[in-house]
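Residue numbering for the sequence shown follows the working numbering, starting at 1 and increasing by one per position.
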Amino acid sequence: MTFGKALKKLKKGWKVARSGWNGKGMWLRLVVPTGGSAFEMGYEDHSYIEMKTADDQLVPWVASQTDMLAEDWETVED
């Protein structure tokens, strides 16, 4: 699927990944803050996309030009 469709899936709570990624087990998810320390300090939390890397780390993710133009996006089952 396209990145646009993958983004819609993320917003609905799905995890997505590219079949062309080399690392095994990599995926993206949308993180939606629900309050907490930033809110209590008067800051506004914003949603962001997080990646699970091949070495089992969770990191913020930013799409590359290649990722945005790719059409090999797929949903990932838990």
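Glycine is no exception: its CB is placed at the ideal position from the N, C-alpha and C atoms.
Proximity winner among the options, relative to residue i (alpha-carbon distances)
i, options, result
"Lys-8", "Lys-24, Leu-30, Ser-19, Ala-70", "Leu-30"
"Leu-79", "Arg-18, Gly-13, Met-26, Trp-61", "Because the chain in this structure spans residues 1 to 78, residue 79 falls outside the shown range and cannot be described."
"Val-62", "Ala-54, Trp-73, Glu-50", "Glu-50"
"Asn-22", "Glu-77, Gln-65, Val-59, Asp-55", "Asp-55"
"Gly-20", "Glu-77, Thr-2, Glu-40", "Thr-2"
Exposed unless 16 or more other CB atoms sit within 10 angstroms - verdict on residue i
i, result
"Lys-52", "buried"
"Val-16", "buried"
"Leu-79", "Residue 79 lies beyond the residue range present for the chain, which begins at 1 and ends at 78; the question has no answer from this structure."
"Ala-38", "exposed"
In DSSP terms, what residue i is bridged to
i, result
"Trp-21", "DSSP, once it has assigned bridges, lists no residue as partnering Trp-21."
"Trp-27", "Lys-52"
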